[in-house]
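Heads up, the thing below is written out as structure tokens.
Protein chains: 2
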Amino acid sequence: MDLEAVRTFVTVAETGQFQKAAADLSITQQAVSKRIAALERTLGVRLFTRAPRGAELTIDGQAFLPHARELLRVAERAVASARPGRRPLRVDVINSRGAGSGLMRGFHTAHPEIDLDVLMLFDIQGAVTAIRSGAIDASFRAVAAPGRPLPEGIESVRVLDEPLQLLIGPAHALAGARSVTLAQLAGHRIWMPGIVPGTEWTAYYDDLVAEFGLTIEATGPNFGSDALLDTIADTPALATFMGEHTLPQLPLGGAPSVWPADHGLRRIPVTDPTPVYPHSLLYHRDNPHPALATLRAHLTATTTGHDATGTWVPGWVIPR
Amino acid sequence: MDLEAVRTFVTVAETGQFQKAAADLSITQQAVSKRIAALERTLGVRLFTRAPRGAELTIDGQAFLPHARELLRVAERAVASARPGRRPLRVDVINSRGAGSGLMRGFHTAHPEIDLDVLMLFDIQGAVTAIRSGAIDASFRAVAAPGRPLPEGIESVRVLDEPLQLLIGPAHALAGARSVTLAQLAGHRIWMPGIVPGTEWTAYYDDLVAEFGLTIEATGPNFGSDALLDTIADTPALATFMGEHTLPQLPLGGAPSVWPADHGLRRIPVTDPTPVYPHSLLYHRDNPHPALATLRAHLTATTTGHDATGTWVPGWVIPR
DNA sequence: AGGTATCCACAACCATTCGTTGTTCACTAC
DNA sequence: GTAGTGAACAACGAATGGTTGTGGATACCT
Numbered sequence: 001m002d003l004e005a006v007r008t009f010v011t012v013a014e015t016g017q018f019q020k021a022a023a024d025l026s027i028t029q030q031a032v033s034k035r036i037a038a039l040e041r042t043l044g045v046r047l048f049t050r051a052p053r054g055a056e057l058t059i060d061g062q063a064f065l066p067h068a069r070e071l072l073r074v075a076e077r078a079v080a081s082a083r084p085g086r087r088p089l090r091v092d093v094i095n096s097r098g099a100g101s102g103l104m105r106g107f108h109t110a111h112p113e114i115d116l117d118v119l120m121l122f123d124i125q126g127a128v129t130a131i132r133s134g135a136i137d138a139s140f141r142a143v144a145a146p147g148r149p150l151p152e153g154i155e156s157v158r159v160l161d162e163p164l165q166l167l168i169g170p171a172h173a174l175a176g177a178r179s180v181t182l183a184q185l186a187g188h189r190i191w192m193p194g195i196v197p198g199t200e201w202t203a204y205y206d207d208l209v210a211e212f213g214l215t216i217e218a219t220g221p222n223f224g225s226d227a228l229l230d231t232i233a234d235t236p237a238l239a240t241f242m243g244e245h246t247l248p249q250l251p252l253g254g255a256p257s258v259w260p261a262d263h264g265l266r267r268i269p270v271t272d273p274t275p276v277y278p279h280s281l282l283y284h285r286d287n288p289h290p291a292l293a294t295l296r297a298h299l300t301a302t303t304t305g306h307d308a309t310g311t312w313v314p315g316w317v318i319p320r
Numbered sequence: 001m002d003l004e005a006v007r008t009f010v011t012v013a014e015t016g017q018f019q020k021a022a023a024d025l026s027i028t029q030q031a032v033s034k035r036i037a038a039l040e041r042t043l044g045v046r047l048f049t050r051a052p053r054g055a056e057l058t059i060d061g062q063a064f065l066p067h068a069r070e071l072l073r074v075a076e077r078a079v080a081s082a083r084p085g086r087r088p089l090r091v092d093v094i095n096s097r098g099a100g101s102g103l104m105r106g107f108h109t110a111h112p113e114i115d116l117d118v119l120m121l122f123d124i125q126g127a128v129t130a131i132r133s134g135a136i137d138a139s140f141r142a143v144a145a146p147g148r149p150l151p152e153g154i155e156s157v158r159v160l161d162e163p164l165q166l167l168i169g170p171a172h173a174l175a176g177a178r179s180v181t182l183a184q185l186a187g188h189r190i191w192m193p194g195i196v197p198g199t200e201w202t203a204y205y206d207d208l209v210a211e212f213g214l215t216i217e218a219t220g221p222n223f224g225s226d227a228l229l230d231t232i233a234d235t236p237a238l239a240t241f242m243g244e245h246t247l248p249q250l251p252l253g254g255a256p257s258v259w260p261a262d263h264g265l266r267r268i269p270v271t272d273p274t275p276v277y278p279h280s281l282l283y284h285r286d287n288p289h290p291a292l293a294t295l296r297a298h299l300t301a302t303t304t305g306h307d308a309t310g311t312w313v314p315g316w317v318i319p320r
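In the order they appear, the protein sequences are chains Z and U.
Residues 1 to 320 in our numbering are what the first sequence spells out, letter by letter.
Residues 1 to 320 in our numbering are what the second sequence spells out, letter by letter.
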């Protein structure tokens, strides 16, 4: 199917005749006729009834019209997403179920008129490089990795401290607990697959292990979130950490927000102290994108300062 | 922009190299190279970094990828909407703000997995013809026009009795009333532009006028809903009828559901008796579309029988 | 009723695009 | 260094898509 044919179809439907559409599109009437005929051939239905006074939509054409408009709208957005200069605000998040993604959803709800592109880069170095080059406008990260000061021009604002929770199956020894302390977790097996060495997450959990004597295994291949949840649910002696605002499953688009299979998983708050992910927004000081200022204002307005007493972050984290 | 190029882009992004993508698409590697180059030229950005081990997405490519997928998805739906056989359930409603549209929204919420196409045909004759030919699957109408029995094979189910309300401006004499009787309306000017002679609505209001001695004007050009509301709001002596479930304005897509300009309009219930629009679902007895049965079941389950005492419908309306 | 204007379809022709084959270039691994 | 892999460039043939020219059907006007 040809997008130009679809555009021609919409124009004919709007003008009511091939000739006016041809004038609008700066082509000849015969070209319009050919395009519509080709579209009708590929779809296998007649889209217009040709009358001596012009062309009228058939029922099939009426059903097709909103889809055609949507197609053109999506195509325009797709082009805009890549256009250099005046493109949508491009923000990197850690993963699609994390707190950064949730904050961006909130921003989109508050400012639906602002075009967004949310993407997931591999690590903080890539994000910083992308911010410096202007390829992306901002990034949600837990900064900064120890010994790696931010390059000149990159600024960061701590926007959300997300408490960690223990995620365990129904047969786990702590399944009935209303909360657990970090000290209680010593001796329990905690599994965090997918922690890639060299990323900021390694540094975070290294510090957590060193300070509270936990046993955290990062071994084994990471088969993705689903497999992790399955294993946690089925293994009584296994636990993992998950951010309080992190969804264990991707919300299904359009479907009622039920978790397809929650396996009876339990979320147990961690206390004394509560380890938190210090989410920060990274951006370039000189980035002129107007929506970036809106995003920063939105974040400072909605994520009011949390109480930091009783929480833990690595020592190298920049204070608020 | 060419959809085939977009499809090629997604395939390369998925396979990670031009050659595999070429094999998947049954074309040569050179053709893939050309298509990607052309797409990059039209977008003005580089989408892949060409490595000796294959192709990797650039940041721009990563931002473009979800849009590309969405574009292909929409294109597929667009084609499906017109495909003869196994197309989405196609339902005709009277207008986009009426009760039929609302019922279809409810059905979509309850069954998001069912593909729908909602369209608006001109009148009941056209709807019946379309149902007979199989061009549409069902239609929400106030049936049947007097003296026009339904053709063989067409069935109707009365699904909703929608009470009429009086819509008036803030300066109207009845603006303060909590409700009005039909008898009270005698002598007031009621304006119903856009009632096309020969449609079922003419018959409905003709009967209403004859039975209760009202003055209903259908004169003047119909400049659309906005103009009607403006006039009603500004003219103290003018009123119009509107269904209880009818939205005076189109809900804005994505925006908070505020009415852009409500002009201080008042809705006054009508009593003694309450005239109602008898909405029915029309469909062909032999229509095999599986979603049609689902729709009928949904409607009978959700629109439980309303109390008919104190309501009025024309005598020619088929009883429930 | 016949002429005329309007509007779309068909035919022929031409330019451009698109896909193919053949080949070259860059990089990696052994 | 040599073999192997993966993408780009060049040249050619086919097919697509645009144009001009023309014909046919219908409605309106005199």
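All C-beta atoms, glycine included, are put in the ideal place defined by N, C-alpha and C.
Since this is a predicted model, take the numbers as computed values, not measurements.
Chain U contact residues for residue i, given Cβ-Cβ distances below 8 Å
i	result
residue 60 (chain Z)	82 and 135
residue 43 (chain Z)	79, 82 and 83
Per-residue contacts from residue i into chain U (C-beta, under 7 Å)
i	result
residue 1 (chain Z)	3, 75 and 79
Residue-level contact to chain U via CB, residue i, 7 Å cutoff
i	result
residue 90 (chain Z)	yes
residue 24 (chain Z)	no
residue 130 (chain Z)	yes
residue 67 (chain Z)	yes
Residue i, buried or exposed, once every other Cβ within 10 Å from all chains shown has been counted against 16
i	result
residue 133 (chain U)	exposed
residue 278 (chain U)	buried
residue 43 (chain U)	buried
residue 92 (chain Z)	buried
residue 240 (chain Z)	buried
residue 275 (chain Z)	buried
residue 113 (chain U)	exposed
residue 200 (chain Z)	buried
residue 280 (chain U)	buried
residue 318 (chain U)	exposed
residue 101 (chain U)	buried
residue 250 (chain U)	Residue confidence for residue 250 (chain U) is low, a pLDDT of 42 falling below 50, so the modelled location carries little weight and cannot support an answer.
Residue i versus the options, residue with shortest Cα-Cα distance
i	options	result
residue 181 (chain Z)	Z:67, Z:157, Z:124 and Z:166	Z:166
residue 83 (chain U)	Z:122, Z:54 and Z:64	Z:64
residue 184 (chain U)	U:168, U:192 and U:212	U:212
residue 168 (chain Z)	Z:138, Z:231, Z:120 and Z:153	Z:231
residue 135 (chain Z)	Z:141, Z:142 and Z:126	Z:126
residue 233 (chain Z)	Z:216, Z:112 and Z:267	Z:267
residue 59 (chain Z)	U:89, U:35, U:41 and U:195	U:89
residue 285 (chain U)	U:157, U:80, U:18 and U:264	U:157
residue 316 (chain U)	U:40, U:207, U:24 and U:15	U:207
residue 202 (chain Z)	Z:187, Z:218, Z:189 and Z:214	Z:218
residue 124 (chain U)	U:95, U:111, U:313 and U:81	U:95
residue 140 (chain Z)	Z:190, Z:128 and Z:151	Z:128
residue 10 (chain U)	U:67, U:273 and U:160	U:67
Closer than 7 Å to chain Z by CB, residue i
i	result
residue 70 (chain U)	yes
residue 301 (chain U)	no
residue 289 (chain U)	no
residue 257 (chain U)	The pLDDT assigned to residue 257 (chain U) is 29, lower than 50, so where the model puts this residue is not dependable, and the model offers no usable value.
Per-residue contacts from residue i into chain Z (C-beta, under 7 Å)
i	result
residue 119 (chain U)	62 and 63
Cross-strand partners of residue i (DSSP beta bridge)
i	result
residue 242 (chain U)	U:165
residue 323 (chain U)	Absent from the structure is residue 323 (chain U), since the part of chain U shown begins at 1 and ends at 320.
residue 278 (chain Z)	Z:161
residue 270 (chain U)	U:180
residue 156 (chain Z)	Z:282
residue 48 (chain Z)	Z:57
residue 116 (chain U)	U:89
residue 189 (chain U)	U:215 and U:238
residue 311 (chain U)	U:274
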